[in-house]
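Everything on this sheet refers to the single structure shown next.
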Amino acid sequence: MYSFVQTPFIIGTFICVIGTMPSAFAAGEHKQILLDVANDKFTPAWEVSHKEWGGEKWSVKLRSLHGGKQEGVQVIDVDNGVMTFTIVPTRGFGVWKAKVGDLRLGWDSPVTEIVSPAFIDLNNRGGLGWLDGFGGWMVRAGIASVGAPGMDGVPLNLHGNIDHTPASYVDVRYEGGKEPKLVFKGVVNDTQMFGPNLQLKAEISTPIGKPEITFDDTITNLSDAPQEFESLYHTNFGPPLLVAGAEFIAAVSKVSPRDARALEGDLVDWNKYTGPHQPGYTEQVYLMELQGDKNGNTSTMLKSADGTKAAVMDFNIKELPAFSLWKNEAPSRTGYVTGLEPATNFPYPRPVERSAGRLNVLRGGESHHATLVVRALTSKTEVTAAAEAIAKLQKSEPAVLKTPLNEQK
């Protein structure tokens, strides 16, 4: 059990008073609720650090953005001592950007502001309105649907609603002990009358002093009847990781092109990058099943061209059995980016996934849990070790199929 501290004081007083409390308190475990819609609690601004709650150097700051289409968006800036990142409770509890030294986790989108959901029409441009706010590093897609827009009894927009739904509950806690960490909890509801009734409980945690973030998500069917759900982690990278010569590394069992466009080049070097192309380039997507250890644990990696930096994603293929590699090597100002996307299923329209038997169903009250860990590597030694660990998971040669997955028998 955690020993949580409640305080009736206003924020400024809270910070001053807590800083004068005994060191035994400062070295323990603490929690602060920042948002709780059910109890009409809203915090406009707040901050805390190791000076108040103890441990090695770290800080957390809640603030609101103003101006342009980001008006009213709340963000949480996190510094764990070696890694900084920004959580966006207003946008599905995703992470807009992260950085370790000179290694950026993120990309340069034409969308430069963290756009408020108030300015987004998801049905815009035939269901492509999701792109009007697309610019984050870790963007969740789902949770009622992912993939291309289309009809499934009702119109479905690109990648669902969750990224443009504000959280209804947010808290932050510091857990002390031998491996202290910061934990951020968000609850986001994807609910309608006569429609989806799903809830995402998301925990984002980071160990103090380590370049690592863990996403620990639970999706629950809040209704009495069975419901389908889909979940995809749209994890996006640009320079400095994504440059000519960068490489995607994974223990692949089978890889297929999403469509005819991905077939161009005959699937040669599908996992390698050649740098920004000329205007007119269109995206290529490769769909794969991965190999894991005896428990289903696997890793993927985006490695820099010189092999001195990388981002590694650890997850379990029993929880996230489908993986998509999105390559958008467009001109830099058009959105030069690649996406590493573990998911519950592939990003085809929902009817396609249902007919293929890949669509998951939750019974009333049932939940699905998934954990994803992202590690930033900043030395050749670390990158080499990670590549060797992935190679050990490769039990057989990957099958490279030259027919789009949705056309395979």
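Mapping of the sequence shown onto our numbering: residues 33 to 441, in sequence order.
Note that beta-carbon positions come from the ideal geometry of N, C-alpha and C, so glycine has one too.
Subject >> Simplified DSSP assignment, three categories, for residue 71 >> reply: helix
Original post:
How big is the Cα-Cα spacing for residue 439 and residue 290?
Top reply: 9 angstroms
Original post:
Does the distance from the C-beta atom of residue 143 to that of residue 117 stay below 8 angstroms?
Top reply: no
**OP:** Assign residue 427 to buried or exposed, taking buried as 16 or more other Cβ atoms, counted over all protein chains shown, within 10 Å of its Cβ.
**Re:** exposed
Original post:
Is it a yes or a no for the stretch 214-230 touching the stretch 320-340, going by three-plus beta-carbon pairs under 8 angstroms?
Top reply: no
Original post:
What residues are listed by DSSP as bridge partners for residue 136?
Top reply: 131
Subject >> Stretch-stretch touch, CB-based, cutoff 8 angstroms, three pairs: the stretch 388-401 with the stretch 251-260 >> reply: yes
Subject >> DSSP-derived helix/strand/coil call for residue 152 >> reply: coil
Subject >> Three CB pairs or more closer than 8 angstroms across the stretch 164-181 and the stretch 256-268 >> reply: yes
Subject >> residue 215 versus residue 312 - alpha carbon distance >> reply: 43 angstroms
Subject >> Helix, strand or coil at residue 415 according to DSSP, with G and I counted as helix >> reply: helix
Subject >> Beta-carbon contacts of residue 346 that lie in its chain and below 6 angstroms, excluding the five residues immediately before and after >> reply: 331, 405
Original post:
DSSP three-state call for residue 54: helix, strand or coil?
Top reply: With a pLDDT of 31 at residue 54, under the threshold of 50, the modelled position of that residue is not reliable, and the figure given next carries that caveat. DSSP places residue 54 in coil when its eight states are reduced to three.
**OP:** Could you tell me whether the stretch 234-251 touches the stretch 92-104, where touching means 3 or more Cβ pairs closer than 8 angstroms?
**Re:** no
Original post:
From residue 149 to residue 298, what does the alpha carbon distance come to, in whole angstroms?
Top reply: 40 angstroms
Original post:
From residue 277 to residue 76, what distance separates their C-alpha atoms?
Top reply: 44 angstroms
Subject >> N- and C-terminal bounds of the alpha helix (DSSP H) containing residue 382 >> reply: 382-387
**OP:** Look at the alpha carbon of residue 431 and the alpha carbon of residue 318, and state the distance between them as a whole number of angstroms.
**Re:** 13 angstroms
Original post:
So, helix, strand or coil for residue 81, using DSSP?
Top reply: strand
Original post:
What residue does the beta strand (DSSP E) around residue 205 start on, and which one ends it?
Top reply: 201-207
Original post:
Which residue from 343, 210, 234, 242 puts its Cα closest to that of residue 270?
Top reply: 343
**OP:** Check whether the Cβ atoms of residue 320 and residue 286 lie closer than 8 angstroms to each other.
**Re:** yes
Original post:
How far does the beta strand (DSSP E) with residue 218 in it reach, from first residue to last?
Top reply: 213-223
**OP:** Whole angstroms is fine: what's the gap from residue 454's alpha carbon to residue 387's?
**Re:** Lying outside 33 to 441, the shown extent of the chain, residue 454 is not represented and no answer is given.
Original post:
When the Cα atoms are used, what is the spatial distance from residue 66 to residue 163?
Top reply: 29 angstroms
**OP:** Within its chain, find whatever has a CB closer than 6 angstroms to the CB of residue 81; leave out the 5 residues flanking it on each side and keep chain order.
**Re:** 91
Original post:
How about residue 190 and residue 181: do their beta carbons lie closer than 8 angstroms?
Top reply: yes
Original post:
Could you give the distance in angstroms between the alpha-carbon of residue 391 and the alpha-carbon of residue 272?
Top reply: 36 angstroms
Original post:
Whose C-beta lies closer than 7 angstroms to the C-beta of residue 68 among residues of the same chain, with five residues either side of it excluded?
Top reply: 201
Original post:
Taking residue 314 as the reference, which of 292, 327, 204, 128 has the closest Cα?
Top reply: 292
Original post:
Is it true that the CB of residue 123 sits closer than 8 angstroms to the CB of residue 203?
Top reply: no
Subject >> Cutoff 6 angstroms; reference residue 217; Cβ partners in own chain excluding five residues on either side >> reply: 203, 235
Subject >> Span separating the alpha-carbon of residue 160 from that of residue 62 >> reply: 42 angstroms
Subject >> Short Cβ contact (8 angstroms threshold) for residue 322 with residue 283 >> reply: yes
**OP:** Drop a sphere of 10 angstroms on the beta-carbon of residue 56, count the other beta-carbons inside from all chains shown, and report buried for 16 or more, exposed for fewer.
**Re:** Any reading at residue 56 must be qualified, since the residue scores a pLDDT of 36, below 50, and its modelled position is unreliable; the value itself is stated next. By the 10 Å Cβ count, residue 56 comes out exposed.
Original post:
For residue 52, which residues of its own chain have a beta-carbon under 8 angstroms away from its beta-carbon, when the five flanking residues on both sides are left out?
Top reply: The predicted model places residue 52 with a pLDDT of 32, which falls under 50 and marks its position as unreliable; any figure quoted below should be read in that light. So the list is empty, once near-sequence residues are dropped.
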